[in-house]
Amino acid sequence: MAIRRFSEKKLTSEVLHRIRETKNPRLKQVMTAYIKHLHAFVREVKPTPDEWMQGIQFLTETGHWSTGKRQEFILMSDTLGVSMLVDALNYKTSAGATESTVLGPFHRERAPAYPLGANISKHASDGQPCLVSGTVRDTAGRPVAGAKLDIWQGGADGLYDSQKGDAMNLRGVLRSDARGRFHFRCVKPEFYPVPNDGPVGRMLTATGRHPMRPPHLHFWITAKGHKPLITHLFVKGGKYLDSDAVFGVKPELIIDFKQGKDGVATASYDFVLMKNKK
Ligand SMILES: [Fe+2]
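Heads up: the sequence shown begins at 1031 in the numbering used here, then just goes up one per residue.
Structure follows, in structure tokens:
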């Protein structure tokens, strides 16, 4: 049998030919696009063998840095704008519904459940006390009772609990009441850097970027019959709103955190969920 010699030009079509029997049509579509774009990238960049090995080492290192608590691949996706792109393509907001944004690498499963009004901050050193309240409604303005609000944030030191140890802090799960209302205590969000001591941090530095995120509070809201909403509330006037390292800011999500005379900041927001299409 004659062995074919693959020319540089024909190599891509040969690789695509090799996956022609992929049974799963979506996998076939994904792999076809992946191979085509990867080959096009290599043709454009023309990496030397050393450079290609550097790229492979970068990805290997990214894998080695990833653990249950440190998600370097999410960080790479976030800082390259891919997470926001995936979100934009999947979460089309209908009129009046709250905008979504990135999940980020710091969400944790099984955060403690709290009653309404609870304080998700366990230590006085976590930051400036803050009271957040609001409602969860649908796009027709009807209250959504029993909506699950999974909330998490970093402290004034710029760190999330998972960056400091196992104990859960500055995160919790609440349920909206019969009129869709919620309120809880936390700390006023501060700006912070995304973890930048690993390969993604080196990439940011090498490309002249800072690792900072503007002050924000994370929400993941779920309710029966409604589309899950993953979003943030950003602090109006906060630093880095115009240059978020993960491109997550949307103007509609920037709200006032008012400074109270008693040293407690207050913020209010009415979340609007979209109905799940049957
Ligand atoms: Fe965050």
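All C-beta atoms in this analysis are idealised placements derived from N, C-alpha and C, irrespective of residue type, glycine included.
Assign residue i to one of two classes, buried (16 or more other C-beta atoms within 10 Å of its C-beta) or exposed (fewer than that).
{"i": "Lys-1291", "result": "exposed"}
{"i": "Ala-1143", "result": "exposed"}
{"i": "Ser-1273", "result": "exposed"}
{"i": "Tyr-1064", "result": "exposed"}
{"i": "Gly-1188", "result": "exposed"}
{"i": "Leu-1089", "result": "exposed"}
Can residue i be considered in contact with ligand 1, in the sense that its beta carbon sits closer than 7 Å to one or more heavy atoms?
{"i": "Arg-1243", "result": "yes"}
{"i": "His-1094", "result": "no"}
{"i": "Phe-1221", "result": "no"}
{"i": "Gly-1184", "result": "yes"}
{"i": "Phe-1136", "result": "yes"}
{"i": "His-1240", "result": "no"}
{"i": "His-1069", "result": "no"}
{"i": "Asp-1248", "result": "Correcting the residue identity first, residue 1248 is His in this sequence and not Asp. Answer for His-1248: yes, Cβ within range of ligand 1."}
Taking residue i as part of the alpha helix (DSSP H), name the residues at either end of that continuous run.
{"i": "Asp-1180", "result": "Not the alpha helix (DSSP H): Asp-1180 falls in the beta strand (DSSP E), residues 1178-1182."}
{"i": "Val-1060", "result": "1055-1075"}
{"i": "Phe-1103", "result": "1102-1109"}
{"i": "Pro-1229", "result": "1229-1236"}
Would you say residue i reaches chain D, if we count a Cβ-Cβ gap shorter than 8 Å as a contact?
{"i": "Arg-1172", "result": "Reference to chain D is not applicable here, since this structure consists of a single protein chain."}
If you drop the 5 nearest sequence neighbours on each side, which residues of the same chain put their C-beta closer than 6 Å to that of residue i?
{"i": "Phe-1277", "result": "Gly-1111, Met-1114"}
{"i": "Glu-1091", "result": "Pro-1229"}
Among all the DSSP beta bridges, which residues are the ones paired with residue i?
{"i": "Lys-1288", "result": "Thr-1296"}
{"i": "Ala-1143", "result": "Val-1203"}
{"i": "Lys-1305", "result": "His-1256"}
Following the continuous beta strand (DSSP E) through residue i, name the residue where it begins and the one where it ends.
{"i": "Phe-1088", "result": "Where Phe-1088 is concerned, there is no enclosing beta strand (DSSP E), although the alpha helix (DSSP H) it sits in stretches over 1079-1095."}
{"i": "Ser-1163", "result": "1159-1168"}
{"i": "Arg-1211", "result": "1211-1217"}
Apart from the five residues on each side of it in sequence, which residues of its chain come closer than 8 Å, Cβ to Cβ, to residue i?
{"i": "Gly-1126", "result": "Thr-1169, Val-1302"}
{"i": "Pro-1258", "result": "Trp-1250, Ile-1251, Thr-1252"}
{"i": "Phe-1103", "result": "Thr-1092, Gly-1093, Ser-1096"}
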